[in-house]
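J.: Quick one: the structure is below, and I'll ask about it shortly.
Numbering (this note's numbering), first residue to last: 8 to 595.
Here it is, written out as structure tokens:
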């Protein structure tokens, strides 16, 4: 075992010597402080801090071991022996540490918790660094702790841990050296705190790097094109998909190139629109699903891009406004091709169906008239012969009922074909209106009478709160709108009930509302009810026929007149369809 350090004997006994000797001792102490300060500053990890601490303390004392208990979640306990110790001695150390921790405002901790969180860090020449609980070298030190010194570790008046010194002998730790020991503890506390901060910084940088690599992988793997611009509109990022899409448009966008400048230089119209979208998003507005035709006009289906853009904000909130824009580019060319083929197919099929359907209806009506004449003739003959025979018993009557069914189904098919033809006109922008002057109230009255004749279970109320309802519009199309909504009101209220039709004038528009007491429409379907081929998917609606075009065409007609149409729920009892028609839009 080493003897007491010469520094102890010379430096602190010198206070009773002449001034020259005392000055020499003070200089020696300052040199000592400077040396240990440098050793702590040079330490880059906790093990180097432990070595610096052990070296500094061994210049003051000859002792068996020291320990460092650091606050944290979880806390850490490092035991640093000066020579091999027994497990019994180490266990006694842990018990002392547990009892002393509460004295320095350390959170309550049990011996078991300390033992599980402890780490044995021996000097390199001992080569016994290991987790506690593992076998150590045979006991050399004794099992009884004779001396124990406890010093708080503080950083800026904040206790971050505790330094403890242990020895088998009594009286090892001189209280005269407590001030110097506390100073060493403060050095160690600052060094350990710096190591912690460095480790935390390294961990954060590592996490940030992993996140950056993951983000780069996601961006490069995206099927959608991603374009990010800075505050000046310059391109700062283009992923692989965006580069490919823009290459198809025969455009090579370089990084940091302002889009507006590129559009002006190349005179590309769609690029101007893309720059407009980016500029709009730069103001803080989110732009969704704007389509750009980025191909040549001569192509059958040019490259079509769907653009969504959103403002990019500074996460640190140093800058209040957007610092750039992130835009997502989707190639919807294939979808446009499919839509075009589908529209062409619908148009062709609709026209092809109309010719045979017209023939079926015509010949059915002709046969019905012939059978009706034959039926009346047969009844007259039986009356002349005074024969008692009912018309129901005649074969002609059965034929007439069969033809009536054919006629009814042909009418239904004709309505479907007309819807398909209307769809084709809407899709191709050819829904031309034949304007004429008429009274909107008259159309409402005619439509209500027509529907009421076949809706015996329903009572249709008409409330007209306008004196003059004269407008200039397409009368046939306006009748189609009202008829579609009324038909739905009757169809989707199978138990009967009231249907209320109102006509009002609001802010220069005619306001028409049709309210039923039917099965209603769930909130989740309201936003889609006017979409093409959309049908509500619930059990109550499946029993009703239709292909989901009536309301789509209805909306197109209303909007073509400059009006609006919408639907609202009536708290579980039916729904209300409302639309407006500008009163003065086409008045004469």
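Note that CB positions come from ideal geometry on N, CA and C, so glycine has one too. Please read these numbers as outputs of a predicted model, since none were measured by experiment.
Identify, in the order they occur along the chain, each residue of the same chain with its Cβ nearer than 7 Å to the Cβ of residue 247, setting aside the five sequence neighbours on each side.
T.: 227, listed in sequence order.
J.: In terms of residues, what are the limits of the beta strand (DSSP E) holding residue 509?
T.: 504-513 is the span of the beta strand (DSSP E), which, as asked, contains residue 509.
J.: So which of 286, 338, 186, 317 has the shortest CA-CA distance to residue 158?
T.: Closest option to residue 158, Cα to Cα, is 186.
J.: What are the residues that DSSP puts in a beta bridge with residue 159?
T.: According to DSSP, which records beta bridges pairwise, residue 159 is partnered with 169.
J.: Considering only residues of the same chain and omitting the five flanking positions on each side of residue 112, which have a CB-CB separation below 7 Å?
T.: Once the five neighbours on either side are set aside, the close Cβ partners of residue 112 are 166.
J.: In whole angstroms, what separates the C-alpha of residue 114 from that of residue 208?
T.: About 26 Å.
J.: Are the stretch 441-460 and the stretch 353-362 in contact at 8 Å, needing three or more beta carbon pairs?
T.: Flag = no, the stretch 441-460 and the stretch 353-362 do not touch.
J.: Relative to the C-alpha of residue 487, which candidate in 369, 425, 503 has its C-alpha closest?
T.: It is 425 whose Cα lies nearest to the Cα of residue 487.
J.: For the candidate residues 404, 561, 77, 512, whose alpha-carbon lies nearest to that of residue 383?
T.: The option with the nearest alpha carbon to residue 383 is 404.
J.: Along the chain, which unbroken stretches of the beta strand (DSSP E) at least 3 residues long are found entirely within the stretch 262-324?
T.: Correct list: 294-300, 311-319.
J.: Can you grab the Cα-Cα spacing for the pair residue 145 / residue 151, in whole Å?
T.: Model confidence at residue 145 stands at a pLDDT of 38, short of 50, so the residue's coordinates are unreliable; what they give is reported in the following sentence. The alpha-carbon atoms of residue 145 and residue 151 are separated by roughly 16 Å.
J.: With distance defined between alpha-carbon atoms, name the residue in 108, 371, 89, 63 nearest to residue 78.
T.: Checking every option, the nearest Cα to that of residue 78 belongs to 108.
J.: Tell me the DSSP secondary structure of residue 72 in three-state form.
T.: It is a strand residue.
J.: Taking the DSSP output, what are the residues bridged to residue 478?
T.: Answer by DSSP bridge pairing, in chain order: 445.
J.: Could you have a look at residue 174 and say whether DSSP puts it in helix, strand or coil?
T.: Here residue 174 sits in strand by DSSP.
J.: I'd like the list of long-range same chain contacts for residue 48, defined as Cβ closer than 8 Å, with 5 residues on each side in sequence excluded.
T.: Contacts found: 198.
J.: DSSP on residue 226, reduced to helix/strand/coil?
T.: Looking at residue 226 - three-state DSSP - the assignment turns out to be helix.
J.: Would you call the stretch 288-298 and the stretch 264-277 in contact, with 3 or more CB pairs under 8 Å?
T.: Judged by Cβ distances under 8 Å, the stretch 288-298 makes no contact with the stretch 264-277, as fewer than three pairs qualify.
J.: By the three-class DSSP mapping on this structure, what secondary structure does residue 209 have?
T.: Correct three-state label for residue 209: helix.
J.: In terms of residues, what are the limits of the alpha helix (DSSP H) holding residue 567?
T.: Note, residue 567: alpha helix (DSSP H), 557-567.
J.: Could you pull the DSSP bridge partners for residue 535 from this structure?
T.: For residue 535, which the question treats as bridged, DSSP gives no partner whatsoever.
J.: To the nearest whole angstrom, what separates the beta carbons of residue 491 and residue 440, a pair I think is in contact under 8 Å?
T.: Wrong, their Cβ atoms sit about 16 Å apart, outside the cutoff.
J.: Can you give me the Cβ contacts of residue 563 inside the same chain, cut-off strictly under 8 Å, excluding the 5 residues immediately before and after it?
T.: So the list reads 429, 433, 438, once near-sequence residues are dropped.
J.: Decide yes or no for the touch test of the stretch 579-589 against the stretch 520-535: beta carbon pairs closer than 8 Å, at least 3 of them.
T.: Short answer: they touch.
J.: For residue 373, which three-state DSSP category applies?
T.: If DSSP states are grouped into helix, strand and coil, residue 373 belongs with the helices.
J.: Which residues in the same chain as residue 436 place their Cβ atom closer than 6 Å to its Cβ, once the five residues preceding and following it in sequence are excluded?
T.: Same-chain partners within the cutoff: there are none.
J.: Take residue 561 and list the residues in its own chain whose beta-carbon comes closer than 6 Å to its own, dropping the five residues that flank it on each side.
T.: Within the same chain, residue 561 has close Cβ partners 488, 491.
J.: Can you grab the Cα-Cα spacing for the pair residue 555 / residue 241, in whole Å?
T.: Approximately 45 Å between the Cα atoms of the pair.
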